[in-house]
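Below, the structure is given as structure tokens:
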């Protein structure tokens with residue numbers, strides 16, 4: 004992974020005017036709308052609700068889920084790094100810069116700040132493992148435009164839920180961190196829509212499949228979040244395991 | 026808390042009521058704790074501990090300390106095994122005590138694997154303080170008699186217990202109940218303290234000044250760990 008890329012982000016193409024003008028039906032928005040039922044499940048999930056009312060267990064649920072988030076985000080970075088390696092910056096600067104902007108965005112949870120330098124310390128839930136394999140595969144086997152498109156649900160769910168659900172006080176830090184993805188959602192959606200409107204090679208059915216799969220991984224991650232809590236509570240029955248220092 | 030059944034039987038055969046009770050007045054355990062009240066008081070005032078008490082500790086800051094503490098626990102298993110390997114076979118109780126400590130850490134790490142999804146220390150980047158703390162305990166385990174490794178680990182057990190005790194009045198109002206619950210057992214510290222007293226009473230090699238210096242060094246690292254946990 005090339006961490007030097009953090010400092011290289013510049014000259015990202017701004018397509019935002021395109022959507023705001025409303026002149027083009029957004030393929031990205033259509034994909035989002037077709038998954039709204041999943042988003043509603045996330046929005047009303049116990050994980051989000053308990054953050055909103057500040058009852059979520061920081062030890063039994065939040066911390067472990069942050070570790071799963073970090074685990075997945077490391078693999079997103081690996082995937083983006085792989086995609087960047089296959090793009091010639093001089094020949095496709097806009098594509099390169101879009102990937103680079105995403106790569107940098109996924110340092111939102113600064114690994115150094117979290118005392119981890121790679122995905123090595125972590126073990127995944129089955130959903131995280133499936134997600135990681137999927138994202139790395141998409142990056143290595145398909146054109147980067149599909150990775151850019153496929154990552155939109157990951158970013159949009161987390162940023163939109165911070166707009167739709169008021170998470171203040173104790174868990175405001177989560178809300179602030181995830182709202183920061185909002186800009187990259189707009190950039191990626193407009194980038195993909197522009198790509199399509201310019202007539203560049205893009206298989207919409209294939210892209211929709213990838214998008215839907217990513218959406219389902221994300222949904223499951225939120226819905227399974229409290230399963231961790233059940234495990235912790237069961238094991239905490241004796242207090243034996245929680246801490247022995 | 027951290028003894029397996031076999032270890033517990035060995036210890037209790039030796040003295041049914043000796044272990045798991047607070048070491049007596051005048052013991053090294055009590056004297057060392059008294060001599061380090063300054064660090065205890067300072068640790069109580071850290072934003073981390075205060076934040077657990079008044080429920081203002083950021084869940085991110087909490088999680089980050091847990092991650093880095095996991096690094097410490099992995100290193101602790103290695104260090105205790107190093108010290109354990111130096112214990113002569115004639116010291117059956119000391120062997121059992123080390124075995125209990127090691128299995129306790131291993132059980133905790135297994136719990137973390139199942140719940141916090143962390144299974145190895147590779148890729149965890151300790152702060153300089155945590156690195157130094159673990160290196161110090163490794164150095165103690167490698168270069169000192171095993172009894173001093175026990176001394177170096179007392180603050181790790183007993184400071185956390187006392188911090189948790191101090192927070193019990195806030196139990197109902199904090200989301201960090203798990204942390205208080207998980208540190209509510211003083212017996213690991215007591216067991217080490219009582220063993221040290223027996224060791225001394227048997228006239229075995231013991232340097233009180235050295236022990237106090239090692240204990241204080243651990244307390245220094247413990248305080249710094251909490252102090253640096255909230256930026």
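Protein chains in written order, with this note's numbering: chain F, 4 to 248; chain D, 26 to 256.
Positions of the beta carbon are idealized from the N, C-alpha and C atoms, including for glycine.
Where the alpha helix (DSSP H) containing residue 209 of chain F begins and where it ends = For the purposes of this step, residue 209 of chain F is identified with residue 206 of the first chain, where counting begins at 1. 207 to 226 is the extent of the alpha helix (DSSP H) around residue 209 of chain F.
Same chain, Cβ closer than 6 Å to residue 178 of chain F, five either side skipped, listed in chain order | Locating residue 178 of chain F in the first chain gives position 175, where the first residue counts as 1. Residues 165, 170 of the same chain have their beta carbon placed closer than 6 Å to that of residue 178 of chain F, with the five preceding and five following residues left out of the count.
Let me know if residue 124 of chain F comes out buried or exposed under the rule of 16 or more other beta-carbons within 10 Å of its beta-carbon.
-> If you number the first chain from 1, residue 124 of chain F lands on position 121. Here residue 124 of chain F is buried: its Cβ has 16 or more other Cβ atoms, across all protein chains shown, within 10 Å.
By how many angstroms is the C-alpha of residue 147 of chain F removed from the C-alpha of residue 18 of chain F?
-> Residue mapping note: residue 18 of chain F aligns to position 15 of the first chain, counting from 1. Residue mapping note: residue 147 of chain F aligns to position 144 of the first chain, counting from 1. With a pLDDT of 37 at residue 18 of chain F, under the threshold of 50, the predicted position of this residue should be treated as unreliable, and no value is reported.
Hey, does residue 15 of chain D have any beta-carbon neighbour from chain F nearer than 8 Å?
-> Nothing can be reported for residue 15 of chain D: it is not among the residues displayed for chain D, which extend from 26 to 256.
Cross-strand partners of residue 217 of chain D (DSSP beta bridge) | Position 192 of the second chain holds residue 217 of chain D. As DSSP reads the structure, residue 217 of chain D sits in no beta bridge.
Contact check, residue 105 of chain D vs residue 216 of chain D, beta carbons under 8 Å | Here residue 105 of chain D refers to the residue found at position 80 when the second chain is read from its first residue. Here residue 216 of chain D refers to the residue found at position 191 when the second chain is read from its first residue. No, these two residues do not count as a Cβ contact at 8 Å.
Does the stretch 236 to 246 of chain D touch the stretch 56 to 70 of chain D, meaning 3 or more C-beta pairs lie closer than 8 Å?
-> Segments in contact, yes.
Taking all protein chains shown into account, decide if residue 160 of chain D is buried (16 or more other Cβ within 10 angstroms of its Cβ) or exposed.
-> The residue you call residue 160 of chain D lines up with position 135 of the second chain. Exposed, because fewer than 16 other Cβ atoms sit within 10 Å of the Cβ of residue 160 of chain D.
In whole angstroms, what separates the C-alpha of residue 211 of chain D from that of residue 182 of chain D?
-> Start at 1 with the first residue of the second chain, and residue 211 of chain D comes out as number 186. Start at 1 with the first residue of the second chain, and residue 182 of chain D comes out as number 157. Residue 211 of chain D and residue 182 of chain D have their C-alpha atoms spaced approximately 7 Å apart.
Are the stretch 71 to 89 of chain F and the stretch 114 to 123 of chain F touching, with three or more C-beta to C-beta distances below 8 Å?
-> Touching, yes.
Can you find a CB in chain F that lies within less than 8 Å of the CB of residue 153 of chain D?
-> Numbered from its first residue, the second chain carries residue 153 of chain D at position 128. Not an interface residue.
Is the CB of residue 215 of chain D under 8 Å away from at least one CB in chain F?
-> If you number the second chain from 1, residue 215 of chain D lands on position 190. Closer than 8 Å to the CB of residue 215 of chain D there is not a single CB belonging to chain F.
DSSP three-state call for residue 119 of chain F: helix, strand or coil?
-> Stepping through the first chain from its first residue, residue 119 of chain F is reached at position 116. In the structure shown, residue 119 of chain F sits in a strand (DSSP, three-state: E or B).
Which listed residue (D:178, D:201, D:66) has its alpha carbon closest to that of residue 218 of chain D | The sequence position of residue 218 of chain D within the second chain is 193, counting from 1. With distances taken between Cα atoms, residue 218 of chain D lies closest to D:178.
In its own chain, which residues sit with a C-beta less than 7 Å from the C-beta of residue 30 of chain F, not counting the 5 before and 5 after it?
-> The residue labelled residue 30 of chain F in the question sits at position 27 within the first chain. So the list reads 195, 196, 199, 207, once near-sequence residues are dropped.
Across which residues does DSSP place residue 143 of chain D in a beta bridge pair?
-> Stepping through the second chain from its first residue, residue 143 of chain D is reached at position 118. Answer is F:125, bridged to residue 143 of chain D.
Cβ separation of residue 220 of chain F and residue 84 of chain F, assumed to be a contact under 8 Å, to the nearest whole Å = Position 217 of the first chain, counted from the first residue, corresponds to residue 220 of chain F. Position 81 of the first chain, counted from the first residue, corresponds to residue 84 of chain F. That pair is no contact at about 20 Å.
Give a yes or no on whether the minimum CB-CB distance between residue 123 of chain F and chain D is below 8 Å.
-> One-based indexing of the first chain puts residue 123 of chain F at position 120. Interface residue, yes.
Apart from the five residues on each side of it in sequence, which residues of its chain come closer than 6 Å, Cβ to Cβ, to residue 184 of chain D?
-> As a working note, residue 184 of chain D is residue 159 in the second chain. Excluding positions up to five away in sequence, the list reads 247.
Within chain F, partners of residue 87 of chain D - CB distance below 9 Å = Reading the second chain from its first residue, position 62 is the one you call residue 87 of chain D. Those within 9 Å of residue 87 of chain D in chain F are 61, 62, 65, 66.
Continuous beta strand (DSSP E) assignments of at least 3 residues falling wholly in the stretch 108 to 163 of chain D | Qualifying beta strand (DSSP E) stretches: none in this window.
Relative to the C-alpha of residue 216 of chain F, which residue among F:33, F:52, F:157, F:186 is closest?
-> Numbered from its first residue, the first chain carries residue 216 of chain F at position 213. For residue 216 of chain F, the nearest C-alpha among the options comes from F:157.
Taking all protein chains shown into account, decide if residue 193 of chain D is buried (16 or more other Cβ within 10 angstroms of its Cβ) or exposed.
-> Position 168 of the second chain, counted from the first residue, corresponds to residue 193 of chain D. Answer is exposed; the Cβ neighbour count stays below 16.
Residue 152 of chain D and residue 165 of chain D look like a contact to me (Cβ under 8 Å); what is the Cβ gap, rounded to whole Å?
-> Along the second chain, one-based indexing puts residue 152 of chain D at 127. Along the second chain, one-based indexing puts residue 165 of chain D at 140. The Cβ separation is near 20 Å, so there is no contact.
Within 8 Å of chain D by C-beta, residues of the stretch 68 to 94 of chain F in sequence order | Residues of the stretch 68 to 94 of chain F with a Cβ closer than 8 Å to any Cβ of chain D, in chain order: 69, 70, 71, 74.
Quick one: using the 10 Å Cβ neighbour count with 16 as the cut-off for buried, is residue 89 of chain F buried or exposed?
-> Counting from one through the first chain, the residue named residue 89 of chain F turns up at place 86. Answer is exposed; the Cβ neighbour count stays below 16.
If you check the beta carbons only, do residue 186 of chain D and residue 208 of chain D fall under 8 Å apart?
-> Here residue 186 of chain D refers to the residue found at position 161 when the second chain is read from its first residue. Here residue 208 of chain D refers to the residue found at position 183 when the second chain is read from its first residue. Yes, they are a contact pair.
If I'm right that residue 153 of chain F touches residue 141 of chain F with Cβ under 8 Å, what's the distance once you round it to whole angstroms?
-> Taking the first residue of the first chain as position 1, residue 153 of chain F is located at position 150. Taking the first residue of the first chain as position 1, residue 141 of chain F is located at position 138. The C-beta distance from residue 153 of chain F to residue 141 of chain F rounds to 6 Å, short enough to fall under 8 Å.
Between residue 45 of chain D and chain F, is there a C-beta pair that is closer than 8 Å?
-> Indexing the second chain from 1 puts residue 45 of chain D at position 20. Output row for residue 45 of chain D: interface = no.
Beta-carbon proximity list for residue 71 of chain D, same chain, < 8 Å, skipping 5 on both sides | Here residue 71 of chain D is taken as the residue at index 46 of the second chain, counted from 1. The beta carbon of residue 71 of chain D sits closer than 8 Å to those of 248, 251, 252, 254, 255, all from its chain and outside the five residues before and after it, given in chain order.
Under a CB-based cut-off of 8 Å, is residue 201 of chain D close to chain F?
-> Translated into the one-based positions of the second chain, residue 201 of chain D becomes position 176. The beta carbon of residue 201 of chain D sits closer than 8 Å to some beta carbon of chain F.
In whole angstroms, what separates the C-alpha of residue 62 of chain F from that of residue 201 of chain D?
-> For the purposes of this step, residue 62 of chain F is identified with residue 59 of the first chain, where counting begins at 1. For the purposes of this step, residue 201 of chain D is identified with residue 176 of the second chain, where counting begins at 1. In this structure, the CA atom of residue 62 of chain F is about 7 Å from the CA atom of residue 201 of chain D.
Measure the alpha-carbon distance for residue 38 of chain F versus residue 222 of chain F and round it to whole angstroms.
-> Here the question's residue 38 of chain F lines up with position 35 in the first chain. Here the question's residue 222 of chain F lines up with position 219 in the first chain. The alpha-carbon separation between residue 38 of chain F and residue 222 of chain F amounts to approximately 10 Å.
Do we get a CB-CB distance below 8 Å when we pair residue 47 of chain F with the residues of chain D?
-> As a working note, residue 47 of chain F is residue 44 in the first chain. Judged by the 8 Å Cβ criterion, residue 47 of chain F is not in contact with chain D.
If you scan the stretch 67 to 111 of chain D from start to end, which runs of the alpha helix (DSSP H) of 4 or more residues do you find wholly inside it?
-> Runs of the alpha helix (DSSP H) inside the stretch 67 to 111 of chain D: 72 to 79, 84 to 109.
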